[in-house]
Every structure is written in C-alpha cells, then in structure tokens.
Amino acid sequence: MFLWMVIRINEMLDTKNPRQFYIGVLDIAGFEIFDYNSMEQLCINFTNEKLQQFFNHTMFVLEQEEYKKEGIVWAFIDFGMDLAACIELIEKPLGIFSILEEECMFPKASDTSFKNKLYDQHLGKNKAFEKPKPAKGKAEAHFSLVHYAGTVDYNITGWLDKNKDPLNDSVLQLYGKSSVKLMATLYVAAPPE
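Just so it is clear: in the sequence shown, position 160 is 160 by the UniProt record's numbering, and no numbers are missing.
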C-alpha cells in the first residue's frame, strides 16, 4: 500500500519542468501511555505534545491562511486541536515544571507537598488537569493530564530527587582532582569512605 502511494504521488508530481517538490511524512506515534508514568514519561509526552502542536499549526492553520492569501475558495475547517491548555499547564509559570522547581528549593518539601501544590493550583481550574481514577490493580497515580492522545495518570514518587539530579560521588571526586584549579576548588574531593 505504501509503495503504491509513493508511486501515485510521484506520478502526480512528475512534470517536464524541473521543480523542487517534496512530501514530508512525520510519524507522531511517540506518545505513550503506560500503566506507570513518572517524570521521564511526562517529559516525553510533553515533547510529543509540543511537536503535535507545531505540526497542527503548520499543517492546518498556516496552510488555510495560505489558501486565503491565494484567494482559493474553500470552507474553513476548525480541526479543534489546540493543545495549548495542556502545554501551558506543564511549562508556564505556576505550571507543573515551575511548581516542581519551586518545591526543590525547600528542604522540607515532599511528594505530598508537591502534589498538594499541584492540586491547589490546577484541580478544577484547568481542564487538562484531573484527579486520577486508576482501575483496580493499576499503579498508584497522583494526577492525570489530558493530552491530545489520551489521559495519562502520573505517579510523582521521587520527582523532587530526580529534578535535583545531584552529581554522584565519583563525579565529585573526579572534579575535585582536576588539574584546572578553579574546577578543583569548586568541587573539593570528598574523602573516600
């Protein structure tokens, strides 16, 4: 089927005059919904959400604007695929990433305090943020996001530690032994255990 499609498209684009026609195919199938979704999966899904928004804008909005400029008669189609609510919920000030950063600054912050801040800021205020409803036997979830590809339940256990991403001891020791004086001063080698 794919080969037939390529041959048919090539026939349609074939002209006697040399031109720079091309057709790009983008597989946006990288979005994943697992039983257990943590911070890494949110980052992957967020990236896919941004990619899908870019694709929608480029292929649908800008293309229809081009039709209008060229005077092509057509009926405007609203594809209803504005993903801004979910994207902004994740990346904007007071969004999930912002609240996570803020929580990492407080020594007594915990998974519970992070979850509570997310709920206080977003539950009932943003249509893309929901309280999870995991089925029996499913992994524990703390919040759900309504992405373009479906609703994903996220578990926030350990997000604060992951976000702080401290250097491990061997890296600190290596930096502390650096021949670059500034580096060695910044990272005094930890005594061996």
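Think of the CB as a built atom: it goes at the ideal place given N, C-alpha and C, for glycine as much as any other residue.
Taking C-beta separations shorter than 6 Å and ignoring five residues to either side along the sequence, the partners of F60 in its chain run F79, following chain order. Around the beta carbon of I77, fewer than 16 other beta carbons lie within 10 angstroms, which makes this residue exposed.
The alpha carbon of Y119 has as its nearest neighbour, out of K108, G71, K131, S110, the alpha carbon of K131.
Each residue's CA atom was taken as its position, placing F129 and M5 some 40 Å apart. Beta-bridge annotation (DSSP): Y154 is paired with F143. Here DSSP, grouped into helix, strand and coil, assigns E70 to coil. About 50 Å separates the Cβ atoms of K162 and M12, ruling out a contact at the 8 Å cut-off. In the three-state reduction of the DSSP assignment, E130 falls in the strand class.
Contact between the segment 60 to 72 and the segment 175 to 186 is absent: fewer than three C-beta pairs spanning the two stretches fall below 8 Å.
With fewer than 16 other beta carbons inside 10 angstroms of its own, V180 counts as exposed. Proximity to K50 across Y36, N168, F31 peaks at F31, based on C-alpha coordinates. Scanning G95, T151, H147 for the CA closest to the CA of P134 turns up T151.
When DSSP states are grouped into helix, strand and coil, Y148 belongs to the coil group. G95 counts as buried, since at least 16 other C-beta atoms from the protein chains shown sit within 10 angstroms of its C-beta. K108 carries a coil assignment under DSSP once its states are collapsed to helix, strand and coil.
DSSP places N56 within a helical segment (H, G or I) once states are collapsed to three.
In this structure E101 does not touch F114 by the C-beta definition: roughly 11 Å separates them, more than the 8 Å allowed. A Cβ-Cβ separation of about 20 Å leaves L83 out of contact with Q121 under the 8 Å criterion.
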